[in-house]
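Reading through the structure tokens given below for one structure.
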Amino acid sequence: MKIDITKIKFDERGLVPAIIQEESGQVLMLAYMNEESLNKTIETGYTHFYSRSRQTLWKKGETSGNVQRVKALYYDCDGDTLLVKVHQTGVACHTGSYSCFSGRRLDENNNLPAVIEQPPEENLSLVLYELYSVIKDRQRHPVEGSYTNYLFGAGQDKILKKVGEEAVETIIASKNGENSEILYEMGDLWYHCLVLLAYHGIKPEELFAELMNRRKGGNYHKFTGKTGERPKD
Numbered sequence: 098m099k100i101d102i103t104k105i106k107f108d109e110r111g112l113v114p115a116i117i118q119e120e121s122g123q124v125l126m127l128a129y130m131n132e133e134s135l136n137k138t139i140e141t142g143y144t145h146f147y148s149r150s151r152q153t154l155w156k157k158g159e160t161s162g163n164v165q166r167v168k169a170l171y172y173d174c175d176g177d178t179l180l181v182k183v184h185q186t187g188v189a190c191h192t193g194s195y196s197c198f199s200g201r202r203l204d205e206n207n208n209l210p211a212v213i214e215q216p217p218e219e220n221l222s223l224v225l226y227e228l229y230s231v232i233k234d235r236q237r238h239p240v241e242g243s244y245t246n247y248l249f250g251a252g253q254d255k256i257l258k259k260v261g262e263e264a265v266e267t268i269i270a271s272k273n274g275e276n277s278e279i280l281y282e283m284g285d286l287w288y289h290c291l292v293l294l295a296y297h298g299i300k301p302e303e304l305f306a307e308l309m310n311r312r313k314g315g316n317y318h319k320f321t322g323k324t325g326e327r328p329k330d
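Under the working numbering, the first residue of the sequence shown is numbered 98, with each subsequent residue one higher.
What follows is the structure in structure tokens.
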């Protein structure tokens with residue numbers, strides 16, 4: 098498909114900043130594109146950038162494998178900034194963080210609004226997004242010997258069986274009273290639950306939205322009501 102990039106206003110160096118955003122909405126990084134890298138991005142479907150320090154074209158994830166598959170391209174009202182929505186494989190930041198903004202809050206005063214407000218690097222949602230991203234990548238691009246691909250290949254019944262087995266093992270670990278065992282088994286349970294979500298094409302943010310809607314609607318009594326209570330809605 099032919100895409101017209103004449104709407105893009107490159108600066109005096111021939112560059113335009115590109116904000117890279119995950120499908121989930123998480124902002125991953127900012128890099129620069131020139132006309133050649135933008136055309137390469139459009140042509141291949143994977144992000145390519147221009148390195149200002151090395152003065153050369155580069156493909157994101159070319160050596161690390163942490164590639165970004167382009168889902169949509171936007172430009173702002175002035176035509177001088179790009180927004181690229183991607184499916185991120187692995188992590189986006191060269192430091193090993195999922196996002197280049199993870200855990201890097203500019204101010205240290207909690208009473209002030211953050212100039213750059215990002216969840217901490219160990220934020221649970223980021224960990225789940227990263228794991229889910231890897232699971233979806235295995236689903237789309239099978240890897241020989243991958244346990245995740247084995248589950249998808251075996252089908253729904255096998256995935257459901259594993260969710261059940263891991264739930265039982267979590268219960269046993271809890272009865273044994275060993276915290277390390279509980280964490281290990283629950284880690285397995287959460288992983289298999291993410292595989293189940295991926296099997297149905299459900300994203301983690303849809304689950305988060307369900308929980309948030311219950312909180313906003315005052316429906317947490319479904320979980321926190323007295324024993325024997327039934328929800329009224």
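Each residue gets a CB set at the ideal place from its N, CA and C atoms; glycine is no exception.
A quick note: this is a predicted structure, and the numbers were derived from the prediction, not measured.
Suppose contacts are defined by Cβ-Cβ distances below 8 Å. Is residue i in contact with residue j by that definition?
| i | j | result |
| --- | --- | --- |
| residue 126 | residue 189 | yes |
| residue 156 | residue 143 | yes |
| residue 229 | residue 306 | no |
| residue 130 | residue 179 | yes |
In angstroms, rounded to a whole number, what distance separates the CA positions of residue i and residue j?
| i | j | result |
| --- | --- | --- |
| residue 241 | residue 162 | 16 Å |
| residue 117 | residue 109 | 22 Å |
| residue 238 | residue 224 | 21 Å |
| residue 168 | residue 120 | 8 Å |
| residue 213 | residue 197 | In this prediction, residue 213 scores a pLDDT of 42, lower than 50, which makes its location untrustworthy; no coordinate-derived value is stated. |
| residue 292 | residue 105 | 40 Å |
| residue 107 | residue 141 | 21 Å |
| residue 191 | residue 248 | 31 Å |
| residue 137 | residue 232 | 27 Å |
| residue 270 | residue 286 | 12 Å |
| residue 244 | residue 115 | 35 Å |
| residue 216 | residue 194 | Reliability of the predicted coordinates at residue 216 is poor, the pLDDT of 43 falling under 50, and the value obtained from them is presented with this limitation in mind. In a straight line, the C-alpha of residue 216 is about 12 Å away from that of residue 194. |
| residue 272 | residue 278 | 10 Å |
| residue 132 | residue 101 | 11 Å |
| residue 221 | residue 112 | 35 Å |
| residue 251 | residue 297 | 14 Å |
| residue 170 | residue 177 | 13 Å |
| residue 187 | residue 174 | 31 Å |
| residue 154 | residue 139 | 14 Å |
| residue 254 | residue 276 | 30 Å |
| residue 263 | residue 145 | 41 Å |
Considering just the uninterrupted stretch of the beta strand (DSSP E) at residue i, what are its terminal residues?
| i | result |
| --- | --- |
| residue 119 | 113-119 |
| residue 124 | 124-130 |
| residue 156 | 153-156 |
| residue 147 | 145-148 |
Tell me, please, which residues DSSP counts as bridged to residue i.
| i | result |
| --- | --- |
| residue 183 | 119, 167 |
| residue 172 | 179 |
Does the beta-carbon of residue i have 16 or more other beta-carbons within 10 angstroms, so that it is buried, or is it exposed?
| i | result |
| --- | --- |
| residue 128 | buried |
| residue 234 | buried |
| residue 308 | exposed |
| residue 258 | exposed |
| residue 265 | exposed |
| residue 185 | buried |
| residue 123 | buried |
| residue 289 | buried |
| residue 330 | Its pLDDT being 44, under 50, residue 330 is placed unreliably in this model, and the value from its coordinates should be taken loosely. Exposed, by the Cβ-count rule. |
| residue 268 | exposed |
| residue 152 | exposed |
| residue 150 | exposed |
| residue 165 | buried |
| residue 227 | buried |
| residue 203 | exposed |
Which two residues bound the contiguous alpha helix (DSSP H) that contains residue i?
| i | result |
| --- | --- |
| residue 229 | 221-237 |
| residue 255 | 253-273 |
| residue 285 | 276-296 |
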